[in-house]
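In what follows, a structure is listed as structure tokens, so that the remarks can point back to it.
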Amino acid sequence: MTADSWSTHTLGLGPGTVTKRFRPGSGAQSEREWRALTLLDVHAPGLAPAPRHADLAADEPTVVMSRLPGGPLRGQRLDERRLDALASAVSEVYEAVPAHVLDEVPVRPGHRRYLTDRIRAWAPRARPRVGPEVGRAMDGGLEWLAGAGLEGAVPPAVRPVFGPGDGNLANYLWDGSRVRIVDFEESGRSDRPLELAEITEHVAAWVDEPLDVEGFLGRFDLDAAERPLLLETRRLLALVWLFLLSFDDPGHPRNPPGTVERQAARLTRLLA
67 MTADSWSTHT LGLGPGTVTK RFRPGSGAQS EREWRALTLL DVHAPGLAPA PRHADLAADE
127 PTVVMSRLPG GPLRGQRLDE RRLDALASAV SEVYEAVPAH VLDEVPVRPG HRRYLTDRIR
187 AWAPRARPRV GPEVGRAMDG GLEWLAGAGL EGAVPPAVRP VFGPGDGNLA NYLWDGSRVR
247 IVDFEESGRS DRPLELAEIT EHVAAWVDEP LDVEGFLGRF DLDAAERPLL LETRRLLALV
307 WLFLLSFDDP GHPRNPPGTV ERQAARLTRL LA
């Protein structure tokens, strides 16, 4: 999840393929998409769409991939079977790319330093336009951020993994027996706390059918370096979402009324 919440592409659906056409200027996104599909096709075949062909040099880059079965988890009630399958899929993608290959993969966009810088840039514009409840949460989040020390991209004590970079549950497809993953334009070298926080704090995890966050996270055996970093990263992502939701256009809202106030309450609980 990066600061830009608008779509960078259109999709063309064929009988067995999907064509993802990127907007002009989205070459980096198309390159990350193609890199992820080719890596996962080698190291975790079947988990993601298989790459077919790409034109990354075009004015509007395209990536053609296989079409996967299943429907998105967003908006579904995630029972134990679905939670198990979701946790299994994300664990598989994190572990898929061998360390010597992962070393050559660029760090994903939207890392902690980038998000910290974006929040500080947003604050002067966003803070004066929100109500008291949201403003108090923003102030608390900014005070916490000042001493959090999250400017590093991938902390050295935390093992790197391959990360999809987008926690939207719409990108996780359930076919009745397993979960597969789509949309890798924000992917790259990452770590489990950041990727898990992307899922649990994404607005898609709670605005419709809420994700059982504790049940989901309890399926991961995090080590002593990852556990405290996960909480701090969840706070960071919750603060990012508070700012993003505060920019929602009241005349053309992208989320139900009261969503930003609900996010303020979520952030306040995490900070406590």
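Read left to right, the sequence shown gives residues 67 to 338 (this note's numbering). Glycine is no exception: its CB is placed at the ideal position from the N, C-alpha and C atoms.
- With at least 16 other beta carbons inside 10 angstroms of its own, Gly207 counts as buried.
- Here Ala192 has Met204, Phe309, Ser312 and Phe313 as same chain residues with Cβ atoms under 8 angstroms from its own Cβ, once five neighbours each way along the sequence are excluded.
- By the Cβ neighbour-count rule, Thr76 is exposed, with fewer than 16 other Cβ atoms within 10 Å of its own.
- In the DSSP assignment, Val306 falls within the alpha helix (DSSP H) that extends over Glu292 to Ser312.
- In this structure, the straight-line span from the alpha carbon of Thr299 to that of Val108 is close to 30 angstroms.
- Annotation: the continuous alpha helix (DSSP H) that includes Phe282 extends over Val279 to Leu283.
- Around the Cβ of Thr266, a 10 Å sphere holds 16 or more other Cβ atoms; the residue is buried.
- Looking at the backbone, the Cα of Arg148 and that of Ala271 are separated by about 14 angstroms.
- Judged by DSSP in its simplified three-state form, Leu149 adopts helix.
- With a threshold of 16 other beta carbon atoms within 10 Å, Arg195 falls short and is exposed.
- Membership of Trp240 in any alpha helix (DSSP H) is not indicated; the residue belongs instead to the beta strand (DSSP E) covering Tyr238 to Trp240.
- The shortest C-alpha to C-alpha distance from Arg186 to any of Ala212, His177, Val163 and Leu168 is the one to Ala212.
- Proximity to Thr182 across Leu303, Thr325 and Phe88 peaks at Leu303, based on C-alpha coordinates.
- Judged by their CB atoms, Val245 and Ala155 are nearer to each other than the 8 angstroms cut-off.
- Between Glu327 and Arg143 the beta-carbon gap is near 24 angstroms, outside 8 angstroms, which marks them as no contact.
- It is roughly 18 angstroms from the alpha-carbon of Leu235 to the alpha-carbon of Glu99.
- Here Ser253 is buried. Its C-beta has 16 or more other C-beta atoms within 10 Å.
- Of the other Cβ atoms in all chains shown, fewer than 16 fall within 10 Å of the Cβ of Ser243; this residue is therefore exposed.
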